[in-house]
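**Student:** Protein chains in written order, with my numbering: chain B, 2 to 171; chain F, 38 to 207.
(1) Using a C-beta to C-beta distance shorter than 7 Å, which residues of chain F count as neighbours of residue 169 of chain B?
(2) DSSP beta-bridge partners for residue 52 of chain F?
(3) Rounded to whole angstroms, what's the CA-CA distance from residue 180 of chain F to residue 162 of chain B? Just pull it up for me.
(4) Measuring straight from C-alpha to C-alpha, what distance separates residue 89 of chain F and residue 114 of chain F?
(5) Check residue 112 of chain F in the structure and name its three-state DSSP category.
(6) Residue 191 of chain F by DSSP, collapsed to three states: which one?
(7) Residues of chain B with CB under 9 Å from residue 64 of chain F, in chain order?
(8) Go to residue 59 of chain B, then tell me how far its beta strand (DSSP E) extends in each direction, as first and last residue.
(9) What are the residues in the segment 126–141 of chain B lying within 7 Å of chain F by C-beta distance?
(10) Ordered along the chain, which non-local residues of its own chain (more than five positions away) have a Cβ less than 6 Å from that of residue 16 of chain B?
(11) Using a Cβ-Cβ cut-off of 8 Å (strictly less than) and excluding sequence neighbours within five positions of residue 25 of chain B, which residues of its own chain qualify?
(12) With the cut-off set at 8 Å, would you say residue 56 of chain B and residue 8 of chain B are in Cβ contact?
(13) Residue 145 of chain B and residue 144 of chain F: beta carbons closer than 8 Å?
(14) Who are the neighbours of residue 206 of chain B on chain F, taking C-beta pairs under 9 Å?
(15) Smallest Cα separation from residue 67 of chain B: which of B:49, B:170, B:3?
(16) Between residue 50 of chain F and the rest of its own chain, which residues show a CB-CB distance below 6 Å, the 5 nearest in sequence each way excluded?
(17) Show which residues of chain F have a CB atom less than 8 Å away from the CB atom of residue 77 of chain B.
(18) Taking beta-carbon pairs under 7 Å, can you tell me which members of the segment 49–62 of chain B lie near chain F?
(19) Would you check if the segment 131–142 of chain F and the segment 69–79 of chain F touch, i.e. whether three or more CB-CB distances between them fall below 8 Å?
(20) In this structure, how does DSSP classify residue 28 of chain B when only helix, strand and coil are distinguished?
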């Protein structure tokens with residue numbers, strides 16, 4: 002019987018990670034915003050000072066089946082800092098291919114990242130969800146997460162492009 | 038006339054940084070929420086792989102121009118968007134009450150934007166509480182976009198108790 006294993010990503014996974022990043026962007030209806038390349042993912046995640054860390058969910062076919070293992074999901078996270086609580090894990094993306102959903106793979110990825118958070122001395126774990134993604138919101142709430150936007154009014158803000166260049170005095 | 042300067046923080050600034058962090062928390066009646074110590078700041082900000090960086094704003098003493106007092110700080114770190122790569126996240130940004138309106142905040146934002154551009158970051162992100170109208174106005178006047186309102190992003194958080202529960206199940 003096929004089984005899914007959650008493991009740390011390695012450099013060779015970047016092509017699959019990019020494939021899944023593009024799938025996730027399609028799912029969020031924001032495909033035209035994916036500008037990253039496989040080379041950038043490799044340099045930024047597997048260099049001397051990585052800007053992110055990744056775990057992948059790999060489907061292993063049953064013995065005797067002809068298929069090779071396939072990366073069917075991923076979780077991309079990094080460490081941030083709270084001025085009140087210190088080290089915190091931020092789960093930037095978690096995604097499972099549609100045909101592999103409903104098996105608890107997403108939850109398993111989140112739990113692996115939770116363990117990393119504890120091992121690294123983090124006292125909390127943050128993530129962002131789009132308000133129309135009810136399935137994701139329900140999953141996180143079921144695992145015990147709190148919606149700080151709803152509870153405390155936190156909003157994400159961004160300076161980009163021209164606004165940022167103007168601030169920089171350029 | 039007041040003179041001030043903005044400079045990168047050094048390890049010796051940790052006690053004054055913690056002081057300002059506590060001052061911000063006290064303004065929000067959340068002093069008990071600050072669990073960070075000077076040792077945490079030292080280890081996490083000034084070691085081999087810093088989890089955060091700080092800018093310090095200093096005002097020159099009008100009576101004795103060779104001495105300065107710390108009047109503000111900005112804490113930031115680098116995050117990763119799998120669609121566009123590196124971002125700069127502004128975690129905290131504060132100027133003490135008596136020194137506001139002098140352009141210190143604007144100078145810190147300018148330096149942060151320059152750092153972001155120099156570090157090949159596509160944009161600068163930060164979180165604001167939506168009913169903090171003064172802050173909202175300050176940032177939107179300078180071109181910031183509210184991603185939570187515009188795109189529907191919600192910030193979620195797991196606390197330590199939930200992390201322990203989740204990690205125990207994987």
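Note that CB positions come from ideal geometry on N, CA and C, so glycine has one too.
**Tutor:** Let me spell this out:
(1) The residue you call residue 169 of chain B lines up with position 168 of the first chain. Going along chain F in sequence order, the residues near residue 169 of chain B (Cβ under 7 Å) are 147, 150, 151, 154.
(2) Sequence index remark: in the second chain, residue 52 of chain F carries index 15 (1-based). DSSP lists no partner for residue 52 of chain F.
(3) Here residue 180 of chain F refers to the residue found at position 143 of the second chain. Here residue 162 of chain B refers to the residue found at position 161 of the first chain. When rounded, the distance between both Cα atoms is 10 Å.
(4) As a first step, residue 89 of chain F must be located in the second chain, where it is residue number 52. As a first step, residue 114 of chain F must be located in the second chain, where it is residue number 77. Distance between the alpha carbons of residue 89 of chain F and residue 114 of chain F: 5 Å.
(5) Along the second chain, one-based indexing puts residue 112 of chain F at 75. Reduced to three states, the DSSP call for residue 112 of chain F is strand.
(6) Here residue 191 of chain F refers to the residue found at position 154 when the second chain is read from its first residue. Correct three-state label for residue 191 of chain F: strand.
(7) If you number the second chain from 1, residue 64 of chain F lands on position 27. Going along chain B, no residue has its Cβ under 9 Å from residue 64 of chain F, so there is no contact; the nearest lies around 13 Å.
(8) Counted from its first residue, the first chain places residue 59 of chain B at position 58. That run of the beta strand (DSSP E) goes 54–61.
(9) 126, 127, 128, 129, 130, 131, 132, 133, 141
(10) The residue given as residue 16 of chain B occupies position 15 in the first chain. Cβ neighbours of residue 16 of chain B beyond the five flanking positions: 39.
(11) As a first step, residue 25 of chain B is located in the first chain; it is residue number 24 there, counting from the start. Result list for residue 25 of chain B: 94, 96, in chain order.
(12) Stepping through the first chain from its first residue, residue 56 of chain B is reached at position 55. Stepping through the first chain from its first residue, residue 8 of chain B is reached at position 7. In contact: residue 56 of chain B and residue 8 of chain B (Cβ atoms closer than 8 Å).
(13) Taking the first chain and counting its residues from 1, one reaches residue 145 of chain B at position 144. Taking the second chain and counting its residues from 1, one reaches residue 144 of chain F at position 107. It is not a contact, given that the beta carbons lie outside the stated cut-off.
(14) In the structure as shown, chain B starts at 2 and stops at 171, and residue 206 of chain B therefore has no counterpart that could be examined.
(15) For the purposes of this step, residue 67 of chain B is identified with residue 66 of the first chain, where counting begins at 1. For residue 67 of chain B, the nearest C-alpha among the options comes from B:3.
(16) Taking the first residue of the second chain as position 1, residue 50 of chain F is located at position 13. So the list reads 93, once near-sequence residues are dropped.
(17) As a first step, residue 77 of chain B must be located in the first chain, where it is residue number 76. Going along chain F in sequence order, the residues near residue 77 of chain B (Cβ under 8 Å) are 117, 119.
(18) 50, 52, 53
(19) no
(20) Mapped onto the first chain, residue 28 of chain B falls at position 27. Helix, per DSSP.
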